[in-house]
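Trainee: Heads up: the sequence shown begins at 86 in this note's numbering, then just goes up one per residue. Positions of the beta carbon are idealized from the N, C-alpha and C atoms, including for glycine. Structure incoming, see below.
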Amino acid sequence: MNPERLLAHYETIADAPDAIPRLRRFVLDLAVRGKLVPQDPNDEPASELLKRIAAEKARLVKAGEIKREKSVARTSADDLSFDLPAGWSFASLSEVAACLDHRRIPVNSTEREARIASKSREELFPYYGATQQQGWIDDYLFDGEFILLGEDGVPFGDPFRTKAYLISGKSWVNNHAHVFQAILTSPQFLVHYLNVFDYSGRVVGTTRAKLNQAQAVTIPCPIPPLAEQHRIVAKVDELMALIDRLEAARAEREATRDRLTAASLARLNAPDPETFRDDARFALDALPALTARADQIKQFRQTILNLAVRGKLVPQDPNDEPASELLKRIAAEKARLVKDGKIRTPRAIPALPELPYPIPANWRWSQLAEIGVLSPRNEAPDALEASFVPMSLIPAEYGVANHHEVRRWGEIKKGYTHLAEGDVGLAKITPCFENGKSAVFRNLTGGIGAGTTELHVVRPLFVDQDYILLFLKSPHFIETGIPKMTGTAGQKRVPFEYFAYSPFPLPPLAEQRRIVAKVDELMALCDRLETSLATADDTRRRLLEALLAEALAPAEDRELEAAE
Numbered sequence: 086m087n088p089e090r091l092l093a094h095y096e097t098i099a100d101a102p103d104a105i106p107r108l109r110r111f112v113l114d115l116a117v118r119g120k121l122v123p124q125d126p127n128d129e130p131a132s133e134l135l136k137r138i139a140a141e142k143a144r145l146v147k148a149g150e151i152k153r154e155k156s157v158a159r160t161s162a163d164d165l166s167f168d169l170p171a172g173w174s175f176a177s178l179s180e181v182a183a184c185l186d187h188r189r190i191p192v193n194s195t196e197r198e199a200r201i202a203s204k205s206r207e208e209l210f211p212y213y214g215a216t217q218q219q220g221w222i223d224d225y226l227f228d229g230e231f232i233l234l235g236e237d238g239v240p241f242g243d244p245f246r247t248k249a250y251l252i253s254g255k256s257w258v259n260n261h262a263h264v265f266q267a268i269l270t271s272p273q274f275l276v277h278y279l280n281v282f283d284y285s286g287r288v289v290g291t292t293r294a295k296l297n298q299a300q301a302v303t304i305p306c307p308i309p310p311l312a313e314q315h316r317i318v319a320k321v322d323e324l325m326a327l328i329d330r331l332e333a334a335r336a337e338r339e340a341t342r343d344r345l346t347a348a349s350l351a352r353l354n355a356p357d358p359e360t361f362r363d364d365a366r367f368a369l370d371a372l373p374a375l376t377a378r379a380d381q382i383k384q385f386r387q388t389i390l391n392l393a394v395r396g397k398l399v400p401q402d403p404n405d406e407p408a409s410e411l412l413k414r415i416a417a418e419k420a421r422l423v424k425d426g427k428i429r430t431p432r433a434i435p436a437l438p439e440l441p442y443p444i445p446a447n448w449r450w451s452q453l454a455e456i457g458v459l460s461p462r463n464e465a466p467d468a469l470e471a472s473f474v475p476m477s478l479i480p481a482e483y484g485v486a487n488h489h490e491v492r493r494w495g496e497i498k499k500g501y502t503h504l505a506e507g508d509v510g511l512a513k514i515t516p517c518f519e520n521g522k523s524a525v526f527r528n529l530t531g532g533i534g535a536g537t538t539e540l541h542v543v544r545p546l547f548v549d550q551d552y553i554l555l556f557l558k559s560p561h562f563i564e565t566g567i568p569k570m571t572g573t574a575g576q577k578r579v580p581f582e583y584f585a586y587s588p589f590p591l592p593p594l595a596e597q598r599r600i601v602a603k604v605d606e607l608m609a610l611c612d613r614l615e616t617s618l619a620t621a622d623d624t625r626r627r628l629l630e631a632l633l634a635e636a637l638a639p640a641e642d643r644e645l646e647a648a649e
């Protein structure tokens, strides 16, 4: 192996997303290939150990302690994917461990619960299944140390997850795990090997892979000298404890970064007017250092939207037309549309409820029902090509364009929600609302369209559509709306009244546009950070894979590559 290169790059690869499980797997790979501890020429060769194992198996069969096994296909060294060190040998699993599957008895959970209902904890024994203990039972089938190898319900295709584990003491095992008793062989060494073995050619089934007994007993196993087995197990324990410490240190780094991120964003979400600009500058400057995961960047995106609708993202300009004047213009436009027969007379707008947070002096609290037309209707020829927008094409993220299908207007004008170019829609059903699904409908075929019935739609009047969109995606609007949803589980919906009459913070129109531009700028920064993180993670992962592959390659292969 080549540990020097691995250690030289450790700081780079340590933060790869799956570095810890890969390092654990690496240790086991080295262990079962004879690359973890040096061989000792004074050890009894494995070939002699296998002779003693065969004699012991014969004695156990004669004594009636294990059953005589049916003849199984012999394995050869060619069945292993690596070369064996000097002094090692190979054998099928059944040659070094007795299969005790015939002793297993499955007991369903209802029967187990009935059996243990009146028993004390001291009267119970562990009940094991494919990958772990499944509960308790009032009797035992096995007493001693045994290897359990999953039969089904096991992640055979995942190289980093457990397929075999060791149990000891009195126990009961169901028929989802094969039971093996090691004979004059370290059971822990066999468990380590069974957890790195490639089962791809041995399991059957697609939805629930199964390793039948005939395949399990013929698994080819590398067998080191017994003394070396014990040294290997001790070294694996030592290295796994080291990796545990590395994992704990990494978790602490992540927790510290999470706390710093949360503290920085908290100062923005509940700002002190006197220090806000310094706090915002610090958060922006420190963002690359504070964000090492996509979920941390998501928190920052939420903070951007939170600040945007509170007037904290861009400075106010006293020369802007005040929001109060904008509301007058909107009211006049609505009156004109009613007079021209373009829209119906709107219903009376209720008084604003309690206002959720302070806003700048030249802003006004309004409602979507006041600044736009709700649930608008379209009139168009049936033959017109128009857009159809199903829920699947409405994005949850801010800044992601929605898409549409092209249909004849006559096909979609009934039974769907009408919308037109520039309208803003909100998904009202769970979990789409909670996930932030909402959109400004743009580039519609024919300028109009229809969409899922699970939409609330507003057609804005003199208000920037993207500003409305970022309000609908803001954490406060969504979090406040969730408790107000009505209906049964899985079918809960945001009431029309919440959409229409919730307090809506209205800035001057010019400031709305500055806010949207600043949000777009900061979201683009988040996009770049996410791309950078993904690229860095991929680079670390590739480097880790290359270093581990190099360390596992035979020495002569590495020398050949170096020569080339």
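So Leu279 and Ala262 are in contact, right, with Cβ under 8 Å, and what is the actual spacing, rounded?
Mentor: Your numbering for residue 279 matches position 194 in the sequence shown. Your numbering for residue 262 matches position 177 in the sequence shown. Leu279 to Ala262, Cβ: 12 Å. No contact.
Trainee: Please look up how many angstroms separate the CB atoms of Asp508 and Val542, rounded, as I've assumed it's under 8 Å.
Mentor: In the sequence shown, residue 508 corresponds to position 423, counting from 1. In the sequence shown, residue 542 corresponds to position 457, counting from 1. So it is a contact: roughly 5 Å between Cβ atoms.
Trainee: Leaving aside the five residues before and after Arg246 along the sequence, list all residues of the same chain whose C-beta is less than 7 Å from its C-beta, in chain order.
Mentor: One-based indexing of the sequence shown puts residue 246 at position 161. Taken in chain order, the residues that qualify are Pro240.
Trainee: With distances taken Cα to Cα, identify the nearest neighbour of Leu511 among Val394, Asp467, Phe562.
Mentor: By one-based count along the sequence shown, residue 511 stands at place 426. Of the candidates Val394, Asp467, Phe562, the one whose C-alpha sits nearest the C-alpha of Leu511 is Phe562.
Trainee: Pick out whichever of Lys155, Leu178, Met476 has its Cα sitting closest to the Cα of Asp164.
Mentor: For this step, residue 164 is matched to residue 79 along the sequence shown. Checked all of Lys155, Leu178, Met476; the closest Cα to Asp164 is Leu178.
Trainee: Could you tell me whether the Cβ atoms of Leu115 and Ile328 are closer together than 8 Å?
Mentor: Against the sequence shown, residue 115 aligns to sequence position 30. Against the sequence shown, residue 328 aligns to sequence position 243. Contact: no.
Trainee: Check the DSSP bridge columns for Gln677 and list the partner residues they point to.
Mentor: As displayed, the chain neither begins before 86 nor continues past 649, which places residue 677 out of reach and without an answer.
Trainee: Here's a check: name, in chain order, each residue in its chain whose Cβ is nearer than 6 Å to the Cβ of Val548, leaving out the five neighbours to either side.
Mentor: In the sequence shown, residue 548 corresponds to position 463, counting from 1. These residues qualify, in order along the chain: Ile456.
Trainee: Measuring only the C-alpha atoms, how far is Lys419 from Thr502?
Mentor: The residue you call residue 419 lines up with position 334 of the sequence shown. The residue you call residue 502 lines up with position 417 of the sequence shown. Lys419 and Thr502: Cα-Cα distance of roughly 21 Å.
Trainee: On a Cα-Cα basis, can you pick out the residue from Asn259, Ala171, Asp228 that is closest to Arg197?
Mentor: For this step, residue 197 is matched to residue 112 along the sequence shown. The shortest C-alpha separation from Arg197 is found at Asn259.
Trainee: How big is the Cα-Cα spacing for Arg657 and Asp467?
Mentor: The structure shown does not extend to residue 657, since the chain spans only 86 to 649, so no value can be given for it.
Trainee: Looking at the unbroken beta strand (DSSP E) that takes in Ala512, where does it start and where does it end?
Mentor: On the sequence shown, residue 512 is found 427 positions in, with the first residue counted as 1. Note, Ala512: beta strand (DSSP E), 509-512.
Trainee: DSSP puts Asp228 in a beta bridge; with which residues?
Mentor: Counted from its first residue, the sequence shown places residue 228 at position 143. In DSSP, Asp228 forms a bridge with Lys255.
Trainee: Which class does Arg246 belong to by DSSP, given the choice of helix, strand or coil?
Mentor: Position 161 of the sequence shown, counting from 1, holds the residue named residue 246. Coil at Arg246, not helix or strand.
Trainee: Return the first residue and the last residue of the alpha helix (DSSP H) that Ile415 is part of.
Mentor: As a position in the sequence shown, residue 415 is number 330, starting the count at 1. Here the alpha helix (DSSP H) through Ile415 covers 408-424.
Trainee: Between the alpha carbons of Tyr586 and Lys558, how many angstroms are there, rounded?
Mentor: Here the question's residue 586 lines up with position 501 in the sequence shown. Here the question's residue 558 lines up with position 473 in the sequence shown. Approximately 16 Å, taken between the alpha carbons.
Trainee: Quick check: Ala669 and Phe265, are their CB atoms within less than 8 Å of each other?
Mentor: Because the chain is modelled from 86 through 649, residue 669 falls outside the range shown and cannot be assessed.
Trainee: Is Asp322 helix, strand or coil by DSSP?
Mentor: Your numbering for residue 322 matches position 237 in the sequence shown. DSSP places Asp322 in helix when its eight states are reduced to three.
Trainee: Suppose contacts are defined by Cβ-Cβ distances below 8 Å. Is Leu529 in contact with His488 by that definition?
Mentor: By one-based count along the sequence shown, residue 529 stands at place 444. By one-based count along the sequence shown, residue 488 stands at place 403. No. Outside cutoff.
Trainee: Since Val495 is in the alpha helix (DSSP H), which residue starts that stretch and which ends it?
Mentor: Translated into the one-based positions of the sequence shown, residue 495 becomes position 410. For the record, residue 495 in the displayed sequence is Gly; it is not Val. Per DSSP, Gly495 belongs to the alpha helix (DSSP H) from 494-497.
Trainee: For Ala505, which residues does DSSP report across the bridge?
Mentor: Residue mapping note: residue 505 aligns to position 420 of the sequence shown, counting from 1. Beta-bridge pairing links Ala505 to Ile533.
Trainee: What's the gap between the Cα of Ile389 and the Cα of Met570?
Mentor: If you number the sequence shown from 1, residue 389 lands on position 304. If you number the sequence shown from 1, residue 570 lands on position 485. Between Ile389 and Met570, the C-alpha separation is close to 25 Å.
Trainee: Give the straight-line distance between the Cα atoms of Met476 and Gly532, rounded to the nearest whole angstrom.
Mentor: To locate residue 476, count along the sequence shown from 1; it is residue 391. To locate residue 532, count along the sequence shown from 1; it is residue 447. Cα to Cα, the separation comes out at about 19 Å.
Trainee: Am I right that Phe274 and Ile304 are in contact with their C-beta atoms under 8 Å? What's the rounded C-beta distance?
Mentor: Start at 1 with the first residue of the sequence shown, and residue 274 comes out as number 189. Start at 1 with the first residue of the sequence shown, and residue 304 comes out as number 219. Their Cβ separation, rounded to whole angstroms, is 14 Å, which puts Phe274 and Ile304 out of contact at 8 Å.
Trainee: Grab the span of the alpha helix (DSSP H) containing Tyr586 for me, first residue to last.
Mentor: Here residue 586 refers to the residue found at position 501 when the sequence shown is read from its first residue. Where Tyr586 is concerned, the enclosing alpha helix (DSSP H) stretches over 581-586.
Trainee: Buried or exposed: which applies to Lys513, given that a residue is buried once 16 or more other Cβ atoms fall within 10 Å of its Cβ?
Mentor: The residue given as residue 513 occupies position 428 in the sequence shown. Flag for Lys513 reads buried.
Trainee: Using a threshold of 8 Å, state whether the C-beta atoms of Leu226 and Arg188 are closer than that.
Mentor: Residue numbering aside, residue 226 sits at position 141 when the sequence shown is read from its first letter. Residue numbering aside, residue 188 sits at position 103 when the sequence shown is read from its first letter. Taking 8 Å as the Cβ cut-off, Leu226 and Arg188 qualify as a contacting pair.
Trainee: So which of Pro211, Asp237, Lys603 has the shortest CA-CA distance to Gly229?
Mentor: Locating residue 229 in the sequence shown gives position 144, where the first residue counts as 1. The shortest Cα separation from Gly229 among Pro211, Asp237, Lys603 belongs to Pro211.
Trainee: Compute the Euclidean distance between the alpha carbons of Val146 and Gln218, then round it to the nearest angstrom.
Mentor: As a position in the sequence shown, residue 146 is number 61, starting the count at 1. As a position in the sequence shown, residue 218 is number 133, starting the count at 1. Each residue's Cα considered, the two are about 29 Å apart.
Trainee: Looking only at its chain, what residues have a beta carbon closer than 7 Å to the beta carbon of Val117, apart from the 5 residues adjacent to it on each side?
Mentor: Sequence index remark: in the sequence shown, residue 117 carries index 32 (1-based). These residues qualify, in order along the chain: His277, Tyr278, Val281, Pro307.
Trainee: Alpha carbon to alpha carbon, how far is Ala348 from Ile190? Give it in angstroms, no decimals.
Mentor: Start at 1 with the first residue of the sequence shown, and residue 190 comes out as number 105. Start at 1 with the first residue of the sequence shown, and residue 348 comes out as number 263. For Ile190 and Ala348, the distance between alpha carbons rounds to 55 Å.
Trainee: Going by alpha carbons, who is nearest to Pro461 out of Ala602, Pro545, Val579?
Mentor: In the sequence shown, the residue the question calls residue 461 occupies position 376. It is Pro545.
Trainee: Can you tell me the Cα-Cα spacing of Val192 and Tyr213, whole angstroms?
Mentor: Counting from 1 along the sequence shown, the entry for residue 192 is found at position 107. Counting from 1 along the sequence shown, the entry for residue 213 is found at position 128. Each residue's alpha carbon lies about 11 Å from the other.
Trainee: Count the other CB atoms, across all protein chains shown, that sit within 10 Å of the CB of Glu539; report buried if there are 16 or more and exposed otherwise.
Mentor: Within the sequence shown, numbered from 1, the residue matching residue 539 stands at position 454. With 16 or more other Cβ atoms within 10 Å, it is buried.
Trainee: Can you check DSSP and say which residues form a bridge with Trp450?
Mentor: Here residue 450 refers to the residue found at position 365 of the sequence shown. Paired residues: Pro590.
Trainee: Tell me whether Met86 sits in a helix, a strand or coil according to DSSP, three-state version.
Mentor: The residue given as residue 86 occupies position 1 in the sequence shown. Its pLDDT being 44, under 50, Met86 is placed unreliably in this model, and the value from its coordinates should be taken loosely. Reduced to three states, the DSSP call for Met86 is coil.
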